[in-house]
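Residue numbers are given in the numbering used here: position 131 of the sequence shown equals residue 133, and the series is strictly consecutive.
All C-beta atoms, glycine included, are put in the ideal place defined by N, C-alpha and C.
Quick notes on the structure that follows.
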Amino acid sequence: MIMDSSADFPNCPICGSNSWTIVHGGPVRDGAFGSLRAGRVARCGGCGVDRLAESACLPDIAYATATYRQSLGQSHDLESHFGAHDELARFTLETIWPRSLRGRRVADIGCGGGSLLDHAGKLPDEMLAIDPDPGFAKSLVARGYKWFPTAAAAAETHAGLVDIAFSVQVIEHVHDPRKFLSDIRSLLSPGGIVVMSTPNRADILGDLLPEEFGRFFFRTQHRWYFDTDSLRRCAEAAGLVTEEIKHVHRYGIANAMHWLRDRCPRGRTPLHPLDSSLDLLWRSWLETNGRSDNLYAILRRGQEQP
Ligand SMILES: [Zn+2]
């Protein structure tokens with residue numbers, strides 16, 4: 003089904019196209035698993051990104067309120083933030099290997115409570131904590147980070163000075179992914195890089211359980227859904243050159259087996275007798291074949307402004 007632009011599917015901010023093809027007729031997840039609402043997802047005929055219908059997207063104001071975090075089972079309590087995010091920091095830090103953070107100026111765009119910056123330890127010379135939610139700002143500043151609500155605000159004092167900019171699971175939320183990356187680009191020093199991640203829409207579970215997993219994967223807080231090619235095109239449109247896109251799978255095989263058996267997510271719950279040696283094989287196959295749950299892109303400044 004080819005659609006013209008409409009209130010639900012306006013012109014693509016990445017490539018300007020207004021040709022959209024429906025790829026998921028709904029429903030989509032609305033907060034935690036099990037909560038659903040109507041919402042279609044369509045693919046851009048220009049750059050290949052998928053987007054959620056605007057009428058199903060979570061309003062911006064929700065991101066700066068406790069209600070949003072509570073709807074996801076999160077809160078402004080630092081301990082619960084760290085509990086949810088500390089285990090994910092290692093995937094990001096493994097991605098940049100063998101690069102070192104020592105002596106670098108580092109920024110985390112969409113840092114939340116600062117879990118990733120904490121894991122960077124004392125290696126960087128300076129760390130910018132960038133997040134529109136002011137709920138953690140006081141704690142972030144107390145831990146020695148410079149807090150800014152947006153990359154554009156940080157650029158007023160730090161344009162061209164950041165060596166490594168992280169942005170983990172953020173681009174899928176924003177209004178304009180191209181502007182989002184372009185604003186981060188303005189922070190980068192010559193030779194600076196962006197290390198960013200986003201869910202992979204080619205996740206194997208989309209093939210194994212297209213209906214059930216689609217209702218989980220597509221969700222009201224994610225406007226955009228990328229695969230390798232569409233992420234590369236978005237980076238290019240923002241004046242960034244793709245050095246590398248890595249497929250990173252964060253769950254063991256028990257997660258997929260639970261999905262197939264119970265039709266619902268069970269996170270890292272073990273499933274006897276599946277063990278870590280099988281996890282290694284499963285992850286290796288997914289990452290080699292581009293079917294992981296997550297994409298990490300390492301991008302560097304291009305020569306020209308977009
Ligand atoms: Zn597009």
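Check	Outcome
What does DSSP give as the partner residue(s) for C46 in the beta ladder?	W22
Alpha carbon to alpha carbon, how far is M3 from R203?	Residue placement at M3 is flagged as unreliable, the pLDDT there being 47, under the threshold of 50; a coordinate-derived value is accordingly withheld.
At a cut-off of 6 Å, is C49 close to ligand 1 when judged by its beta-carbon and the heavy atoms of the ligand?	yes
Could you tell me if the beta carbon of C46 falls within a distance shorter than 6 Å of some heavy atom in ligand 1?	yes
Is R45 buried or exposed, if buried means 16 or more other CB atoms sit within 10 Å of its CB?	buried
Between A237 and T230, how many whole angstroms is the CB-CB distance? I'm expecting something under 8 Å.	No, A237 and T230 are not in contact; Cβ-Cβ is about 11 Å, not under 8 Å.
Sorry if obvious, but does the Cβ on S19 come closer than 6 Å to a heavy atom of ligand 1?	yes
Can you list, in chain order, the residues of its chain with a C-beta nearer than 6 Å to that of L60? Leave out the 5 residues immediately preceding and following it.	T222 and Q223
Measure the alpha-carbon distance for A161 versus G48 and round it to whole angstroms.	31 Å
Decide if N296 is buried, meaning its Cβ has at least 16 other Cβ atoms within 10 Å, or exposed.	buried
Determine the contact status of L118 and D110, defining contact as a CB-CB distance below 7 Å.	yes
Please list, in chain order, all residues of the same chain as G254 whose beta carbon is under 6 Å from its beta carbon, the five residues on each side excluded.	D281
Does I98 come out as helix, strand or coil in the three-state DSSP assignment?	helix
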